[in-house]
Amino acid sequence: MAETYFSACFTFCCTNAEMALLEEAFNAAEDLNCELEPPAPSGELLAAFPPTQSSDPWCGFLAIFDDAKFPILGAVLTGGNSFEEPTVSTPMISGTVDFQPWPIAELVRRCCQASLAKAPVCFEWAVTCPRARPGEFGGGRCVIFADRIDIQSTGEALRVALERPISRTGLPAALPAPDPADRPLVGRSLLINAPEYFRDPAFMDWLGNAQPKFTWHRGGEPDEWSDVIVMVDPSLSGEGSDSDIPAPIWERILDACRTHLGSDQGSAPHYMVRLTNLRE
192 MAETYFSACF
202 TFCCTNAEMA
212 LLEEAFNAAE
222 DLNCELEPPA
232 PSGELLAAFP
242 PTQSSDPWCG
252 FLAIFDDAKF
262 PILGAVLTGG
272 NSFEEPTVST
282 PMISGTVDFQ
292 PWPIAELVRR
302 CCQASLAKAP
312 VCFEWAVTCP
322 RARPGEFGGG
332 RCVIFADRID
342 IQSTGEALRV
352 ALERPISRTG
362 LPAALPAPDP
372 ADRPLVGRSL
382 LINAPEYFRD
392 PAFMDWLGNA
402 QPKFTWHRGG
412 EPDEWSDVIV
422 MVDPSLSGEG
432 SDSDIPAPIW
442 ERILDACRTH
452 LGSDQGSAPH
462 YMVRLTNLRE
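One rule links them: number in the numbering used here = place in the sequence shown (from 1) + 191.
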């Protein structure tokens with residue numbers, strides 16, 4: 192079985208107040224993802240992520256995630272100020288397995304407005320696989336401005352390059368810069384908690400067979416599987432590197448992608464669907 196990793200690490204400078212807001216946001220995401228009750232949001236966090244429902248102070252914050260039920264950043268926040276520059280903080284955001292570019296970029300944009308007004312923040316991410324699997328390597332780049340995010344995967348960059356017309360001289364003709372509004376979101380993923388899948392004999396046979404597949408897993412208790420990642424072609428045409436999953440489960444996965452992600456919205460080679468085995 193092949194593991195797919197989304198990895199990145201970057202640093203930037205911000206104010207101490209912005210660093211405190213980043214720490215509050217990262218801690219809140221971790222608590223909410225673990226279904227723990229986080230401390231009441233500060234006034235600064237509510238201003239950065241204004242709620243749209245008076246009964247739920249966290250709804251504005253959760254809106255930056257693909258699935259509000261699973262606010263996963265896939266990264267840790269470290270760093271702080273130094274003795275030499277006590278008024279400046281240097282946060283470092285890093286993740287080596289499940290780094291989520293889009294929500295992390297939006298979180299930084301919301302929390303660091305004053306610093307972003309002076310200079311943008313940039314980072315790159317990598318998609319890697321320990322086995323030779325075509326289409327499972329890539330990455331992307333992101334530039335965070337105070338008023339917008341410019342983000343592009345290597346898959347999107349390849350698409351733009353392939354669409355460039357050939358001039359009469361045989362050299363690629365220049366294309367106008369694409370409208371950022373036309374750029375699809377990248378790093379699209381979906382989390383489905385489906386313990387019933389893991390009780391399905393056909394699914395367990397598929398998971399345990401030796402047929403090569405674009406899936407990684409992490410073992411839980413003995414004879415128990417968890418955190419299975421399935422790759423789905425974003426066209427949702429029924430194709431995909433893991434389309435040999437038992438048909439009823441594959442169709443349910445495709446239906447979930449249609450409902451929550453839509454078709455042809457991701458520029459990465461596949462949608463990443465995480466299947467978890469969490470019991471109530």
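Every residue, glycine too, gets a C-beta built ideally from N, C-alpha and C.
C-alpha gap between residue i and residue j, whole angstroms
i	j	result
residue 238	residue 446	36 Å
residue 234	residue 213	14 Å
residue 253	residue 283	22 Å
residue 348	residue 342	11 Å
residue 297	residue 255	7 Å
residue 328	residue 390	32 Å
residue 422	residue 444	10 Å
residue 382	residue 442	15 Å
residue 437	residue 393	6 Å
residue 205	residue 427	41 Å
residue 222	residue 448	26 Å
residue 266	residue 453	26 Å
Residue i, enclosing alpha helix (DSSP H) - first and last residue
i	result
residue 346	345-354
residue 450	438-451
Environment of residue i [buried if 16+ CB atoms lie within 10 Å]
i	result
residue 372	Confidence at residue 372 is low in this model, with a pLDDT of 39, below 50, so the placement of that residue is unreliable and no value is reported for it.
residue 225	exposed
residue 355	exposed
residue 450	exposed
residue 244	exposed
residue 471	Residue placement at residue 471 is poorly supported in this model, since its pLDDT is 48, which falls under 50; the coordinates are not used for a value here.
residue 227	exposed
residue 269	exposed
residue 330	buried
residue 475	Nothing about residue 475 can be reported from this structure: the residues present for the chain run from 192 to 471 only.
Beta strand (DSSP E) segment containing residue i, residue limits
i	result
residue 392	Taken as a continuous stretch (DSSP letters only), residue 392 belongs to no beta strand (DSSP E), being part of the alpha helix (DSSP H) at 392-399.
residue 305	Run containing residue 305: none in the beta strand (DSSP E); it sits in the alpha helix (DSSP H), 304-307.
residue 279	279-286
residue 466	462-467
residue 330	329-335
residue 195	Note, residue 195: premise wrong, no beta strand (DSSP E); not H, not E.
residue 323	Run containing residue 323: none; DSSP gives neither H nor E here.
Spatially closest choice to residue i from the options, by CA coordinates
i	options	result
residue 251	344, 260, 241 and 257	241
residue 290	311, 300 and 315	315
Of all the alpha helix (DSSP H) runs that stay within the bounds of the segment 214-269, which reach a length of 4 or more residues?
Those alpha helix (DSSP H) runs which fall completely within the segment 214-269 and span 4+ residues are 234-239 and 250-253.
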